[in-house]
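I have placed the structure first, in the form of structure tokens, so that the comments after it can refer back to it.
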Amino acid sequence: MHYIRLLRPPKLSSSQHRMQAELVFTITTDLGDSFLFPEAPIDLVVTAHVYSPSGTSIQELSQHGKLQWTPGRRVAKPVYELPPTVVNAMMSGHAVELCVSPESSFSADGFYSILTSANDQHSHIGGRGLVMPVQVTLNGPDADDDISTRKIRLNANNEFPKYLEIEEEIGESIARHIWDAGVVALSAVAATYKFPQLESSQHPCMQTLRRMFDTSESGMNILELGCGVGILGTGLCAVYPRDRAADCTILMTDLDEAEGRAQANIALLKHNHSGSQLGNATILYENLNWEHGRQGRFGPEVQRRRWDLVLLSDCTYNVDVLPALVGTLSALHDANVQQARATDGDTNAFATRVFLATKPRHASETALFGMMESEGWRTLETQILPLPVLGAEPESVEMYLFEKV
Numbered sequence: 055m056h057y058i059r060l061l062r063p064p065k066l067s068s069s070q071h072r073m074q075a076e077l078v079f080t081i082t083t084d085l086g087d088s089f090l091f092p093e094a095p096i097d098l099v100v101t102a103h104v105y106s107p108s109g110t111s112i113q114e115l116s117q118h119g120k121l122q123w124t125p126g127r128r129v130a131k132p133v134y135e136l137p138p139t140v141v142n143a144m145m146s147g148h149a150v151e152l153c154v155s156p157e158s159s160f161s162a163d164g165f166y167s168i169l170t171s172a173n174d175q176h177s178h179i180g181g182r183g184l185v186m187p188v189q190v191t192l193n194g195p196d197a198d199d200d201i202s203t204r205k206i207r208l209n210a211n212n213e214f215p216k217y218l219e220i221e222e223e224i225g226e227s228i229a230r231h232i233w234d235a236g237v238v239a240l241s242a243v244a245a246t247y248k249f250p251q252l253e254s255s256q257h258p259c260m261q262t263l264r265r266m267f268d269t270s271e272s273g274m275n276i277l278e279l280g281c282g283v284g285i286l287g288t289g290l291c292a293v294y295p296r297d298r299a300a301d302c303t304i305l306m307t308d309l310d311e312a313e314g315r316a317q318a319n320i321a322l323l324k325h326n327h328s329g330s331q332l333g334n335a336t337i338l339y340e341n342l343n344w345e346h347g348r349q350g351r352f353g354p355e356v357q358r359r360r361w362d363l364v365l366l367s368d369c370t371y372n373v374d375v376l377p378a379l380v381g382t383l384s385a386l387h388d389a390n391v392q393q394a395r396a397t398d399g400d401t402n403a404f405a406t407r408v409f410l411a412t413k414p415r416h417a418s419e420t421a422l423f424g425m426m427e428s429e430g431w432r433t434l435e436t437q438i439l440p441l442p443v444l445g446a447e448p449e450s451v452e453m454y455l456f457e458k459v
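Quick note, our numbering runs 54 ahead of the 1-based positions in the sequence shown.
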């Protein structure tokens, strides 16, 4: 998958009652290591969205066919004159947002489009590869020069749209951005409820996860490791079914440098009321260093609960941290067992499950599986979703469900 990524905040200039906006963006893979190189030019669309008390209006700034991403291109710097209605809205203090997206057939704008692309077994090279749009706020109470937003549609096109919004940091750094495995894994898990007819939703891996959610009588406790900007945890919170008899608690964790953006996306989720409208889950954040975790040193929120499911995505690309990761998973299981005995007097074995999603990037990552096996983790399910890439060889996202008793 490719992502439209702003390299700097939009630049506004005005003269003689006219206002212009200059954008600087690129289109790359999730790690920014490869530019989009399509077989044929792809039309891009720039729109202005005005949010006012009277409603939302959308105006297209780019003329059809005038803005294209061509083979070999590395950066685009379009300049647009803002229509008077947009300028007036900005002067009135209303929120104004610009969106840069590919033409609709190439847009990774929702769970359904992402999964139907991934499920297309007959894709030729780049045949169903997608590009994720980006949004940036020009004006309004939520405007931030350093932030852009991804909006991913949660439901079907024939329903009133509901979105998950995730903030990223503008610039060339790959940190504090969403990556492929998190996007695809969330899409697959959410689709078990939103799009149960899809092939990916009927896979035993997804069906096992759904049974865990559906049959929990005392509430689900879900812990995410290495949450990054928080797409997997906040997304699961947004789509967790409201009709579950028991509530769900999701605790996202990462290193302290990730806390600011993760907390901001939790706040954005709550501000948008996505959790209360679409789900029945509580979401929290706590810092967790795996070097501490492997020693059984956890914060108060981690210690407070037994964790039915541990989530992680895009966390296995750095093989140097795999021993600390696996050690943390085993220490969490040990803590689960101890808490079960202390609170319930349960002397039976407690089963801890881990859902891991990864986009394989190099062969050394497979060392994880030997480490997991040596620590007593067994693989319950494996699901692999193809991930077509425009202008390049197809990739895949692999999802695993592990268990330790």
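Think of the CB as a built atom: it goes at the ideal place given N, C-alpha and C, for glycine as much as any other residue.
Note that the coordinates shown come from a computational prediction; the quantities given were computed from them, not determined experimentally.
In this structure, what does DSSP give as the bridge partners for residue i?
{"i": "Phe160", "result": "Note: Phe160 sits in no beta bridge, so no partner."}
{"i": "Ala245", "result": "Answer is none; Ala245 lacks a bridge partner."}
{"i": "Thr191", "result": "Glu151"}
{"i": "Trp123", "result": "Ile96"}
{"i": "Arg348", "result": "Arg348 pairs with nothing; no bridge assigned."}
{"i": "Lys131", "result": "Note: Lys131 sits in no beta bridge, so no partner."}
{"i": "Cys302", "result": "Met274 and Ala335"}
{"i": "Gln74", "result": "Ser67 and Glu135"}
{"i": "Asn341", "result": "Asp308"}
{"i": "Thr420", "result": "According to DSSP, Thr420 bridges with nothing at all."}
{"i": "Ala411", "result": "Ser367 and Met453"}
{"i": "Leu323", "result": "In the DSSP output, where bridge partners are listed per residue, Leu323 has none listed."}
Taking 6 Å as the limit between beta carbons, can you name the residues of its chain near residue i, skipping five residues before and five after?
{"i": "Gln437", "result": "His257, Cys259 and Met453"}
{"i": "Trp431", "result": "Phe456 and Lys458"}
{"i": "His231", "result": "Glu222"}
{"i": "Gly502", "result": "The requested residue 502 is not part of the displayed model; the chain covers only 55 to 459."}
{"i": "Asn406", "result": "Just to set this straight, residue 406 is Thr in the shown sequence, not Asn. Only His387, Asn390 and Lys458 meet the Cβ criterion."}
{"i": "Ser111", "result": "Val104"}
{"i": "Thr203", "result": "Gln189, Glu219 and Glu221"}
{"i": "Ser68", "result": "none"}
{"i": "Thr382", "result": "Trp344, Gly347 and Arg348"}
{"i": "Lys65", "result": "Glu76"}
{"i": "Phe404", "result": "Asn390, Val391 and Ala394"}
List the whole-angstrom C-beta distance separating residue i from residue j, where the pair is believed to meet the contact cut-off of C-beta under 8 Å.
{"i": "Pro95", "j": "Gln117", "result": "The Cβ separation is near 15 Å, so there is no contact."}
{"i": "Val185", "j": "Ser161", "result": "7 Å"}
{"i": "Leu263", "j": "Leu305", "result": "Wrong, their Cβ atoms sit about 18 Å apart, outside the cutoff."}
{"i": "Gln393", "j": "Arg360", "result": "5 Å"}
{"i": "Gln74", "j": "Leu136", "result": "7 Å"}
{"i": "Val243", "j": "Ile168", "result": "At roughly 12 Å, the Cβ-Cβ gap does not stay under 8 Å, so Val243 and Ile168 are not in contact."}
{"i": "Gly86", "j": "Glu226", "result": "6 Å"}
{"i": "Ser171", "j": "Pro442", "result": "6 Å"}
{"i": "Gly353", "j": "Leu342", "result": "7 Å"}
{"i": "Pro92", "j": "Leu444", "result": "5 Å"}
Given a threshold of 16 other Cβ atoms within 10 Å of its Cβ, counted over all protein chains shown, does residue i qualify as buried or as exposed?
{"i": "Gly181", "result": "Since pLDDT at Gly181 reaches only 45, below the 50 mark, its modelled position is unreliable, and the value read off the structure follows with that caveat. Classification for Gly181: exposed."}
{"i": "Thr124", "result": "exposed"}
{"i": "Thr412", "result": "buried"}
{"i": "Met145", "result": "exposed"}
{"i": "Phe214", "result": "exposed"}
{"i": "Gly284", "result": "buried"}
{"i": "Pro250", "result": "exposed"}
{"i": "Ala143", "result": "buried"}
{"i": "Ser418", "result": "exposed"}
{"i": "Gly183", "result": "buried"}
{"i": "Arg130", "result": "Here residue 130 is Ala; the residue named in the question, Arg, does not match the sequence. So Ala130 counts as buried."}
{"i": "Pro107", "result": "exposed"}
{"i": "Thr397", "result": "exposed"}
{"i": "Leu439", "result": "buried"}
{"i": "Gly289", "result": "buried"}
{"i": "Asn212", "result": "exposed"}
{"i": "Thr370", "result": "buried"}
{"i": "Asp200", "result": "exposed"}
{"i": "Arg72", "result": "exposed"}
{"i": "Asp297", "result": "exposed"}
{"i": "Arg395", "result": "exposed"}
Suppose the cutoff is 7 Å on Cβ atoms and the five residues either side in sequence are ignored; what does the same chain contact list for residue i look like?
{"i": "Val140", "result": "Ala102, Val104, Gln113 and Val150"}
{"i": "Tyr247", "result": "Val293 and Pro295"}
{"i": "Ala421", "result": "Val373 and Leu376"}
{"i": "Ala235", "result": "Ser367, Asp368, Ala411, Thr412, Lys413 and Val451"}
{"i": "Tyr217", "result": "Lys205, Ile206, Arg207 and Leu208"}
{"i": "Val154", "result": "Ile58, Leu77, Phe79, Leu98, Val100, Pro187 and Val188"}
Is the distance from the Cβ of residue i to the Cβ of residue j below 8 Å?
{"i": "His99", "j": "Glu157", "result": "The question names His, yet the displayed sequence has Val at residue 99. Contact flag set, yes."}
{"i": "Leu77", "j": "Pro138", "result": "no"}
{"i": "Ala385", "j": "Arg348", "result": "yes"}
{"i": "Leu365", "j": "Ile220", "result": "no"}
{"i": "Val380", "j": "Met426", "result": "yes"}
{"i": "Leu363", "j": "Phe423", "result": "no"}
{"i": "Gly273", "j": "Asp301", "result": "yes"}
{"i": "Ile224", "j": "Pro63", "result": "yes"}
{"i": "Leu323", "j": "Cys291", "result": "yes"}
I'd like the list of long-range same chain contacts for residue i, defined as Cβ closer than 8 Å, with 5 residues on each side in sequence excluded.
{"i": "Asp82", "result": "Before going on, a small fix: residue 82 reads as Thr here, not Asp. So the list reads His56, Tyr57, Arg59, Ser88, Phe89 and Leu90, once near-sequence residues are dropped."}
{"i": "Ala245", "result": "Phe165, Tyr166, Leu169, Leu252, Ser254, Ser255 and Met260"}
{"i": "Asp163", "result": "Ser155, Met186, Pro187, Lys205, Ile206 and Arg207"}
Taking 7 Å as the cut-off, is the beta-carbon of residue i closer than that to any non-hydrogen atom of the ligand ZN?
{"i": "Met144", "result": "The model depicted lacks the ligand ZN and carries no ligand whatsoever."}
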